Structure formats: C-alpha cells, structure tokens
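For reference, the structure discussed in these notes is given below.
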Amino acid sequence: MKYLRLVVANLGRHKLRTVLTILSVALALFLFASLRSVVTTLAATAQFGGARRLVTLNATGLVFPLPLAYGNRIKALPGVTGLSWANWFGGRYGDGNTFFANFAVDPESYLAIYPEIVLPADQKQAFFQDRTGALIGERLISRYGWKLGQNVTLQGTIFPGDWTFTIRGVYTPTDPAIGDDVLIFHHEYFDERIGRAGIAGWYIVEIDDASHAAAIAKSIDDVFRNSSSPTKTGTEREFQASFATMWGNVSFLMSTIGLAVVFAILLVTANAMMMSARERTGEIAVLKTIGFSDRLLFGLVMVEAGALALTGAVLGLGAAKLLYPAINFNGAGFLPGFKVTTSTLVVGLLVALGLMLASGLVPALRAARLPVVQALRKVE
Amino acid sequence: MIPIVYNVRSVVQRPVSTALTALGVGLVVAVFIGMLALANGFRAALARTGSETNAMVLRKGADSELSSGLGRDVASIIAADPHVATGSDGRPLVSPEVYVLIPLAKSFDTTQIANVVVRGISDQAWQVRQNVKITAGQRPTSGRAEVCVGSRLTQRFPHTVIGQTLRFGGRDWSVVCNFTAAGSAFESEIWGENEQFMPVFRGEVFQSITFRLKDPAAFEEAQRALQDDKRMTVDVRRESDFYAQQSQLLSNILSFLAVMITGIMAVGAVFGAINTMYAAIASRAPEIGVLLTLGFKPWTVLVSFLAESAFIALIGGFLGCLFALPLNGIVTSTTNWSSFSEIAFSFRVTPLLLLVGVAFAVVMGIVGGFFPALRAARLQVVQALR
C-alpha cells in the first residue's frame, strides 16, 4: 500500500494526459456497453413469450388474415385452455412522422391471456364497456401528452378513414417485450367498421402444459390443413424469434463495431502508457539504484495502467447503466425493454482488465528490464 | 513558413507513437465509412428501384403497397388515361400489380424465415420497368403457374434455380427465369403473372398500378387528373419518390447510428491525438526554441504543429480507407421496416465517401492538435532553450 502514493503521484504528473486517457477509456466502454446491450436486448426479445402461449398465423404469410370462425374450432381442441385474437391496424397518428404499434384485440380474452399487461381495475372495466375505447402503453402518455378520457384519431392505412378512439386505460407492462408504446382497441368495433369481414390477423392460444406445445400446435394446423386458409402455429417464443431474425446480421455488425471501438481505444491508452514510461526512463533507473526490484517496478507500471483502465471503465459503464433508464430509451420503439445487463457490465470490466494488460505490458516489461547504467547515462 | 519536411521527419522519428495514433484514427474512419456505406447501399438499392418516368398509383392514404388495394375498375380507368404512354404494340404501358409477402426459409439456416416479396405483374411490366433484364430462361407464360426469380434470391433461398419448383400460397410454381434490376430492390422479389396470383392470395384486388408517363415532365398534370377523378380515391406518386420514401426510415436510422457511434469514437481518437502532440511538443521544446530564435514567427510554429497533427491523422485516414475498402460490394440483407419485406443490398463505398472519411480524419487531427500547437507557439524562447 505504501507505493500507492507513488502511483497517484505519477498519474498526477501529466494531469491532462491522465484525464484524457481515462475519458477515452470511458467513452469506449460506454459505446461498448451500448452496442452489446442492443445485441442482448434483441436476444431477450426473442426469448420473450409465455411457454404456454401459442400463436396461430395464416400459413401463406404474415399479411394474410384468418377467418374469425376458426376461433371456436381451436377452442374446442383438447389441451386448449384459453384463446384470444387480434388484428394489425397500422394506423397513423398526426403528421405520420412518429409511429407506434396499434391493433384491434378482443378485450376480455386478450387481457386474460396477457397477465403481463397491468392496469387499474376501474380503467380495465371502463375499457371493456366502451366500444370505441382504447388502451395505451404508458410511454405514449409521456410522448404525446395524452390524458385519460381524451379522444385520439388515427388515420387508417390498411383500413381507410379516420378512426377516433377514447383513451380508457393506461397500462404498464411487467415484461418489457410487450412494449409500452402500443395502442389497442376493440376488435368488435374494428370488425363492424370494415363491414363484418370476420377476420383475425392472428390467434393467441393458451394451452394447459408447455410440454404439449408441439403436439397441440400440430393438431391446430391439422384441423385447417385442407381449408382455404391453412394455418401455421408455433410457440410465442418462436414467433418473437422470427421477428428478431428479420434484422439480419445486425448483431454481427454491432459486435464488429464494438471490437473496433475497443481496439481503437486500446491504441490510445497504450500510447499514453508508453509515452509516460519513456519520459520516466531516468527515474526508473534511479528507483532501481535505490533498491526497487524489477518485479516491483513491473507491478507499479501495471497498477498505473490498471488505474487508468478501471477508472475509465467504471465511468463509462456507470454512465451507460444510468443514462439509458434515465432517458427511457427504447430505440424509437425498435428495442423495447432496452437494458444494460449485469453480464454486459462484467464483460465491460473484463475488457478493461484486458486493456490494462495490453497497454501496460510493454512499458512494464521495459521498466523491469531497464539496464541501470545505460539509463542513467542519459540523465542530464 | 517552416517547411513541412520538418514535420514529416519528426513524425518518422517516433514511429510507434505515430503508428498507434494513426491507427486509432484509422479505425474510427473505417467504422465511419463502413456504416455510411451500409446506409448508402441500402438507399441506393431502393433509389434504383423506382424510375422518374414511371408513376405509381396506390389507394389513398396507403403508405406502402402492402396496405393498398385497388379494384379492376381503377386499373381500367388508368389504362384508358391519356397520360399513359403506349408501347410498340400499341397497348398502354400499365402494370396493375399484386403485391404480397410470403415466408421463405433461408438456404444456410432453414429456421431463419424471411418475408419475401411476391409481385404479380402484367405482361407490360417488363417494358414499364426499364431496369429489369432477364438473365436466364424465358418469361413466364401467361396462364401457367410460372415465376421469375430475382438474382439476389437465388443464392440465399432454396428451390429458386431455373427448373426447380417453389411452393408458396398453397401451390407449386415452376421457376422459369432469373432477372437482374441494376442492384435494385426488385432483385429481392419473385415475379409472376398477376392473374395467377389473384385467386391464390387476396382475390380480385391489385395493390398498386404502375404506368409509364407519356411525358415525364407532365407528371403533376397526370397526378392531378387521376387524383381528382371522382370514380376512384387514389394517390399518385412518381415511382422514384415512392421508393425514396420507402428507404427513408431505415437509412435515417443507419445514418443516425453512424454519426452517433463514430462521433463518440472520434472524441476518443481526438484525445489520443492531443496526448501524442503534447508529448511531442514537450520533448521537442529545445527545437521549438531554436525555431523561434531563428526568427520564425509564433503563428508559423502553430501552423507547423497543426500540420504535423493533421499529417498523422491523414495517415490514419488513408489506413481507414484501406480497412473499409474491402467492404465494398459485400451483400447483406435486412428487413425494410417500411414495407416489412426483406431486401438484399451491397455495401457501397463510393469515392465521395472515402473523401469524406479522409476529411473527417484531418478534422480530428486539427482539432486534436490545436491546443498543443498553441502551447508550442507560446513557448518562451529562454525557457525552451534551457
């Protein structure tokens, strides 16, 4: 411990250099944590979904609806304990520059099948009772400054016209993957306005036991195999995962950039360490002369490098951890539940440790191996 | 002025420090160019899709082909419109089209599903779309279950080679040809006859109608005439405008990311440059003293050290360009969230982008070198020479 003051004094000699190096390490680890969090958030979204929920879609593709009449036939199958349905609406709000998801659902069954959607009981009742009522995620309240009981008009893109809804409830999702920037409204009202077309975009099927998922999914698809609209059923998790894969190789891209960032900063830190060590050649020789061992000098340089890397890491990782929740970041709706996980923090610290080793090793070895006589000859 | 050779030689004197700083700048420039090349490639692919000479009709209020729907009556009204060009055979150059997305499993990993565009076209489409060229096989015959597959799909999806059978929409379709479309989004599509696709997918409805303008300059007039027609409620856009708008969301996201990420990285690199330059100036104080004694004005010293910093960054800029160049032409794919369809496109590293990258590097060098250079210029001769 008695050498700590020496390390601190050394770091304080070029205050500006020390500060700049720490800041660049902090920036690098902030970026690293942000990029890695994009990857982990996408992966977490793909993991979302109750194991006991299946999703039934039209086998022809996402954009094709299913007959509303399928509901009763699915409900009658063994192992099915609950059923709800929804239809994508895709309405535009305001000038169309900001977008949020909106779809029609069957209110009672939908909220029953998604216990993750939490709202006060009186708001829930108010929503059930108002045919043109809507339920919105809490983020929309802060984004648009809406109030309970206010009317909101969406312009239909797929289903033309102006659609006005009354906000009857505001929900908080307990699972971030549900999304808190969504507007849902009555499927019954939707169906009536589009002329009783009797369509559902997708069904959500609750089953008795997660281990029966594959068998029940198959039995649903078997029922409709030879109908006009064959179905494709899978677990909700598979459904979410297929959305995550739509990003293509975004994860790969983020990881590559993360590596480049870390490497670039490694160079900056290594350079700073080497400059410091070079300037102190004479001093190190003096220390050796008065009896500092090679090993001790090696350790001192490494500790100095470690202090730079770790201080920077704590600043950068801490900033990432605090900043994103503070600004309620969700990547414009693309990254619901964006979170800097503990594993990211741990990996970030490991990166800092690596940074210390890589930037300190050469100067530390050089200090340890410095021949005293030659070094002192240079001193004026 | 202090000759630039002085700076170049000084830089070469401390190779490790120069190399590390330059490499740091180089990585920033490489990421910068790489990310913009991605945004650029995406934008270019969609920009090449639409033509200035074509107009596109969607149902009023629809923001993509997916959300649009037009009846046969609209198609006949447009086919009879005087603003539509006529082909060599005397028929109007109009293509009423069916547009749907189908899930297709990828070749390399069949659990990865992509939403691929299936476009049902009229016989005229091959003339309306001038950028489309059939590279192998024969056009689908009218009345048969045949499709033509875009060149970007053949490597990434199974059953897309000529002679094979592709199954979608509950039917088998034989692949009879491949086409290219100048790197545009059409190359990620499957084309077939609209009359074949109608009964299989959404019934008697088209999603869009594209026609060649008789006089491209008179687009506004055609737009007004069609939109004011009381028999239908449609939006008319230039095809090029439509696709530019389709690329907006994603290319904005990509450009924003590029600027954010490289902005933060650049600050780190500038810090590196500041460190390097301060160290360089500290160790060369006597030299600077000599320069000042010889009569060089302080501002020439400032310029000289700025030039030195810019020179190191310039090396970094060139390194960055070297790192980023191999990206050019690499094909990647993502979902265009505006249309929900998957599109394949190539990274596009353009000369302009390289130039911007080098300029970015030089700016980093000058910003990083400014305060150290200022210190050099303000050195007191007596102290410096001591």
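Read top to bottom, the protein sequences are chains A and Y.
Residue numbering for the first sequence follows the numbering used here, beginning at 1 and increasing consecutively.
Residue numbering for the second sequence follows the numbering used here, beginning at 1001 and increasing consecutively.
The beta carbon of each residue, even a glycine, is placed where N, CA and C say it ideally should be.
Note that the structure is a prediction, hence the values are computed from the model and not measured.
Whether A1145(Y) touches D1172(Y) by CB criterion (8 Å): Yes, they are a contact pair.
Under 9 Å from the C-beta of P230(A): neighbouring residues of chain Y: Result: G1170.
L1291(Y), DSSP secondary structure in three states: In this structure, DSSP gives L1291(Y) a helical state, which the three-state scheme calls helix.
Continuous alpha helix (DSSP H) stretch holding N10(A): start and end: Going by DSSP, N10(A) is part of the alpha helix (DSSP H) stretching over L4 to R13.
Interface partners of Q240(A) on chain Y, CB under 8 Å: Under the 8 Å cutoff, chain Y gives no residues; its nearest Cβ is about 12 Å from Q240(A).
is_contact[D1228(Y), chain A] using C-beta, thresh 8 Å: It does not; no Cβ of chain A falls within 8 Å.
F1360(Y) versus T1293(Y) - alpha carbon distance: Computed Cα separation, rounded: 35 Å.
Residues that L1101(Y) bridges to, as DSSP identifies them: Beta bridge pairing from DSSP links L1101(Y) with V1117(Y).
Continuous beta strand (DSSP E) assignments of at least 3 residues falling wholly in the stretch 214-302 of chain A: When DSSP assignments are scanned along the stretch 214-302 of chain A, the uninterrupted stretches of beta strand (DSSP E) that are 3 or more residues long and fall wholly within it turn out to be 231-235.
Simplified DSSP state of A69(A), which is helix, strand or coil: If DSSP states are grouped into helix, strand and coil, A69(A) belongs with coil.
Per DSSP, the bridge partner or partners of R1144(Y): Its beta-bridge partners do not exist; DSSP assigns none.
Closer than 8 Å to chain Y by CB, N87(A): Not one beta carbon of chain Y lies nearer than 8 Å to the beta carbon of N87(A).
Near-chain Y residues of the stretch 103-123 of chain A (beta-carbon distance less than 7 Å), N- to C-terminal order: From the stretch 103-123 of chain A, no residue has a Cβ closer than 7 Å to chain Y.
Listed by chain order, chain Y residues near S24(A) by CB distance under 7 Å: Ordered by position in chain Y, the residues that pass the 7 Å Cβ test against S24(A) are G1268, F1271 and G1272.
Simplified DSSP assignment, three categories, for T1300(Y): T1300(Y) falls in the helix class under three-state DSSP.
Own chain residues within Cβ distance below 8 Å of P1015(Y), not counting five before or after: For P1015(Y), there are no CB contacts under 8 Å within the same chain when 5 residues up- and downstream are skipped.
CB of A1062(Y) within 8 Å of CB of I1343(Y), strictly: No; because the gap between Cβ atoms is not below 8 Å, this pair is not in contact.
Under 7 Å by beta carbon: chain C residues contacting V63(A): Among the protein chains in the structure shown, which are A and Y, there is no chain C.
Cβ of S261(A) within 8 Å of any chain Y Cβ: According to the sequence displayed, residue 261(A) carries Val and not Ser. At least one beta carbon of chain Y lies nearer than 8 Å to the beta carbon of V261(A).
Extent of the continuous alpha helix (DSSP H) to which E108(A) belongs: Counting along the chain, the alpha helix (DSSP H) containing E108(A) begins and ends at P107 to I113.
Burial state of L1379(Y), where buried means 16 or more other Cβ atoms lie within 10 Å: Buried, by the Cβ-count rule.
Delimiting residues of the beta strand (DSSP E) encompassing T164(A): Residue range D162 to P173 is occupied by the beta strand (DSSP E) that includes T164(A).
Residue from A1105(Y), W1299(Y) and V1084(Y) whose Cα sits closest to the Cα of G61(A): Ranking A1105(Y), W1299(Y) and V1084(Y) by Cα distance to G61(A) puts A1105(Y) first.
For G1150(Y), the residue or residues it bridges with in DSSP: The partner list for G1150(Y) (beta bridge, DSSP) reads F1179(Y).
Short Cβ contact (8 Å threshold) for T166(A) with A134(A): Contact: yes.
For P1096(Y), the three-state DSSP class (helix, strand or coil): Looking at P1096(Y) - three-state DSSP - the assignment turns out to be strand.
One or two residues paired with F103(A) in a DSSP bridge: Bridge pairing for F103(A): W88(A) and I184(A) [DSSP].
Of the residues G258(A), A277(A), L353(A) and R295(A), the one placed nearest A33(A), counting alpha carbons only: When each option's Cα is compared against that of A33(A), the closest is G258(A).
Buried/exposed call for D106(A), threshold 16 Cβ in 10 Å: Buried is the call here.
Contact residues within the stretch 197-219 of chain A, judged by C-beta distance below 8 Å to chain Y: Residues passing the 8 Å Cβ filter: none.
Any C-beta of chain Y under 8 Å from that of R73(A): Not closer than 8 Å to any Cβ of chain Y, the Cβ of R73(A) fails to qualify, so no.
8 Å Cβ cutoff met for I1078(Y) and L1213(Y): Their beta carbons are not under 8 Å apart, which means I1078(Y) does not touch L1213(Y) by this criterion.
Assigned exposure category for K17(A) - 16 Cβ within 10 Å defines buried: In the sequence under discussion, the amino acid at residue 17(A) is Arg, which differs from the Lys named in the question. Buried, because 16 or more other Cβ atoms sit within 10 Å of the Cβ of R17(A).
Whole-number beta carbon distance between I1121(Y) and S1095(Y), since they are thought to touch under 8 Å: The Cβ separation is near 5 Å, so the contact holds.
Test: L11(A) CB closer than 8 Å to a CB of chain Y: No, no contact with chain Y.
Listed by chain order, chain A residues near I1113(Y) by CB distance under 8 Å: What I1113(Y) touches in chain A: S242 and T245.
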